[in-house]
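Undergrad: In the numbering used here, the protein residues as written are 15 to 216.
(1) Indicate whether the contact test is met: 3 or more Cβ pairs, each with one atom in the region 90-100 and one in the region 126-138, closer than 8 Å.
(2) Quick one: grab the DSSP three-state call for residue 28.
(3) Locate the alpha helix (DSSP H) running through residue 171, then write down its first and last residues.
(4) Which two residues bound the contiguous alpha helix (DSSP H) that contains residue 202?
(5) Would you call the CB atoms of residue 79 and residue 91 closer than 8 Å?
(6) Considering only residues of the same chain and omitting the five flanking positions on each side of residue 176, which have a CB-CB separation below 6 Å?
(7) Mind checking whether residue 105 and residue 112 have CB atoms under 8 Å apart?
(8) Return the CA-CA distance between residue 51 and residue 62, expressed in angstroms with no decimal places.
(9) Report yes if the C-beta distance between residue 47 and residue 74 is below 8 Å; otherwise report no.
(10) Residue 116 and residue 86 look like a contact to me (Cβ under 8 Å); what is the Cβ gap, rounded to whole Å?
(11) Along the beta strand (DSSP E) that carries residue 75, what are the first and last residues, could you check?
(12) With a cut-off of 8 Å on the beta carbons, I'd call residue 110 and residue 89 a contact; round off their distance for me.
(13) Output the distance between the C-alpha atoms of residue 32 and residue 16, rounded to the nearest integer angstrom.
(14) Does the beta-carbon distance from residue 49 to residue 60 come in below 8 Å?
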C-alpha cells in the first residue's frame, strides 16, 4: 500500500501502454494487469489512468487489495478493491484467496476467493444496471418475501454454503429463519395483506 501509485508504478504503466501499441500494430491481442495493492481512495484513479494510457486495452486487477493488514482475509480486502475497480472500468477481476501472502492455497481457499470475487463482480453488474444482475436480485427479493427457501438457495452465489448455514440453525417445520423467528417481518406483512380491507369513503 505504501508505494501504490508511485513513480515506478506509473513508469511501468507507461511502458505497458507502449507494449499495447506494439501488440496492436502486430495484430496481437493483449490485456493489461493492474496493480495488486492500492488504497481505496486511489483505486478509481488507477483504473482510469491505466485505461487512458493503454488506450482502452482490456484491464484486469488482482484485487486490488485495499489494505495490507488483512492477512487471512485478503480475499475480502481484494473483493472490496475489485468492486471499486470494476465500477471504475476494470474489465476483469482476478480472485485472491484468504491464504494470499501466507502460503499456497487449498481447494477451499480457492473456492472462498472465487465466491467473494463473484460477489464483487455481481455488485458491479448491479451498479452498471445490467439486466441479468438486476433480475437475479429481484428474484431473490421475491423468494425472501415468499419464504421460498429452495429458490433462495438456488439464486445464492454460493448455494452450498447458503444451504449449510440455513440448515445448521433452522427449526424443523418452521417457515421463518431463526434470525427473526416469531417476529418475521415477511410473515407479518403477508398476514396484514391477507386480512379484509376496511371500507373506504367516496
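Cβ atoms here follow ideal geometry from the backbone N, Cα and C, with glycine treated the same way.
TA: In brief:
(1) They touch, by the three-pair rule.
(2) Counting from 1 along the chain shown, the entry for residue 28 is found at position 14. DSSP, read as helix, strand or coil, puts residue 28 in helix.
(3) As a first step, residue 171 must be located in the chain shown, where it is residue number 157. Residue 171 -> no alpha helix (DSSP H), and no H or E assigned at all.
(4) Residue 202 sits at position 188 when you count from the first residue of the chain shown. For residue 202, the enclosing alpha helix (DSSP H) begins and ends at 199-208.
(5) Mapped onto the chain shown, residue 79 falls at position 65. Mapped onto the chain shown, residue 91 falls at position 77. It is a contact, given that the beta carbons lie within the stated cut-off.
(6) Mapped onto the chain shown, residue 176 falls at position 162. Result list for residue 176: 167 and 170, in chain order.
(7) To locate residue 105, count along the chain shown from 1; it is residue 91. To locate residue 112, count along the chain shown from 1; it is residue 98. Going by C-beta atoms, residue 105 is not nearer than 8 Å to residue 112.
(8) Translated into positions along the chain shown, residue 51 becomes position 37. Translated into positions along the chain shown, residue 62 becomes position 48. If you take the alpha carbons of residue 51 and residue 62, they lie about 16 Å apart.
(9) To locate residue 47, count along the chain shown from 1; it is residue 33. To locate residue 74, count along the chain shown from 1; it is residue 60. Taking 8 Å as the cut-off, the Cβ atoms of residue 47 and residue 74 count as close.
(10) Looking up residue 116 in the chain shown gives position 102. Looking up residue 86 in the chain shown gives position 72. Between residue 86 and residue 116 the Cβ distance is about 7 Å, and since that is below 8 Å, they are a contact.
(11) The residue you call residue 75 lines up with position 61 of the chain shown. Counted as a single uninterrupted DSSP element, the beta strand (DSSP E) harbouring residue 75 occupies residues 73-76.
(12) Here the question's residue 110 lines up with position 96 in the chain shown. Here the question's residue 89 lines up with position 75 in the chain shown. Their Cβ separation, rounded to whole angstroms, is 5 Å, which keeps residue 110 and residue 89 in contact under 8 Å.
(13) On the chain shown, residue 32 is found 18 positions in, with the first residue counted as 1. On the chain shown, residue 16 is found 2 positions in, with the first residue counted as 1. So the two alpha carbons sit approximately 26 Å from each other.
(14) Counted from its first residue, the chain shown places residue 49 at position 35. Counted from its first residue, the chain shown places residue 60 at position 46. Less than 8 Å divides the Cβ of residue 49 from the Cβ of residue 60.
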